[in-house]
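Numbering (the UniProt record's numbering), first residue to last: 1 to 60.
All C-beta atoms, glycine included, are put in the ideal place defined by N, C-alpha and C.
On a predicted model such as this, the values are computed, not experimentally measured, just so you know.
Since the structure comes first, as C-alpha coordinates, the remarks are kept for the end.
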Amino acid sequence: MKYKVEISATFRETFEIEAESEEEARDYVMAQFNPYTASPQKVYTDYDIGDIYAEQIDED
(Lines of atoms letter the chains of each structure in order from A and count residues from 1; the text may use other names and numbers.)
(Lines give C-alpha, C1' and ligand atoms only; values in the text may rest on other atoms or scores of the structure.)
Protein backbone atom coordinates (compact mmCIF):
# COMPACT_ATOMS: atom_id res chain seq x y z
CA MET A 1 0.00 0.00 0.00
CA LYS A 2 1.11 3.56 -0.55
CA TYR A 3 1.06 6.07 2.29
CA LYS A 4 1.53 9.80 2.46
CA VAL A 5 3.49 10.68 5.61
CA GLU A 6 3.84 14.26 6.79
CA ILE A 7 6.28 15.29 9.47
CA SER A 8 6.32 18.78 10.92
CA ALA A 9 8.29 20.66 13.53
CA THR A 10 10.27 23.77 12.65
CA PHE A 11 10.16 22.35 9.12
CA ARG A 12 7.61 20.33 7.18
CA GLU A 13 8.20 17.52 4.74
CA THR A 14 5.87 15.09 3.05
CA PHE A 15 6.87 11.65 1.80
CA GLU A 16 5.03 9.12 -0.33
CA ILE A 17 6.29 5.63 0.43
CA GLU A 18 5.29 1.99 0.10
CA ALA A 19 4.62 0.32 3.45
CA GLU A 20 2.56 -2.48 4.97
CA SER A 21 0.91 -0.28 7.60
CA GLU A 22 0.62 3.30 8.88
CA GLU A 23 2.98 2.41 11.74
CA GLU A 24 5.62 1.07 9.35
CA ALA A 25 5.29 4.21 7.21
CA ARG A 26 5.75 6.49 10.24
CA ASP A 27 8.68 4.42 11.52
CA TYR A 28 10.40 4.59 8.14
CA VAL A 29 10.10 8.37 7.98
CA MET A 30 11.24 8.82 11.59
CA ALA A 31 14.34 6.75 10.79
CA GLN A 32 15.26 9.34 8.13
CA PHE A 33 15.45 11.98 10.87
CA ASN A 34 17.40 9.87 13.38
CA PRO A 35 20.99 11.19 13.70
CA TYR A 36 22.15 7.72 14.77
CA THR A 37 20.87 5.89 11.71
CA ALA A 38 23.33 4.39 9.26
CA SER A 39 21.10 5.57 6.44
CA PRO A 40 22.63 8.00 3.94
CA GLN A 41 19.34 9.91 3.91
CA LYS A 42 19.06 13.57 4.88
CA VAL A 43 19.28 13.93 8.66
CA TYR A 44 17.87 16.85 10.63
CA THR A 45 19.74 16.92 13.92
CA ASP A 46 18.95 20.52 14.91
CA TYR A 47 15.16 20.14 15.05
CA ASP A 48 12.67 18.71 17.47
CA ILE A 49 10.18 16.50 15.73
CA GLY A 50 6.64 17.72 16.24
CA ASP A 51 3.71 15.96 14.64
CA ILE A 52 3.94 13.01 12.31
CA TYR A 53 1.02 11.30 10.65
CA ALA A 54 0.46 8.77 7.91
CA GLU A 55 -2.48 8.48 5.54
CA GLN A 56 -3.15 5.67 3.10
CA ILE A 57 -3.41 7.02 -0.43
CA ASP A 58 -4.11 3.83 -2.37
CA GLU A 59 -5.31 0.29 -1.84
CA ASP A 60 -3.36 -2.76 -2.84
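Span separating the alpha-carbon of residue i from that of residue j
i	j	result
A19	E13	18 Å
Q32	E23	15 Å
F15	I57	11 Å
M1	I17	8 Å
Range covered by the beta strand (DSSP E) that runs through residue i
i	result
E18	12-18
E6	2-8
Other residues of its chain near residue i: CB distance less than 8 Å, five sequence neighbours each side excluded
i	result
I52	V5, E6, I7, S8, R26, V29, M30
E59	M1
Boundaries (first-last residue) of the alpha helix (DSSP H) holding residue i
i	result
D27	22-32
Cut-off 6 Å between Cβ atoms - residues of its own chain near residue i, not counting five sequence neighbours on either side
i	result
A54	Y3, V5, E22, A25, R26
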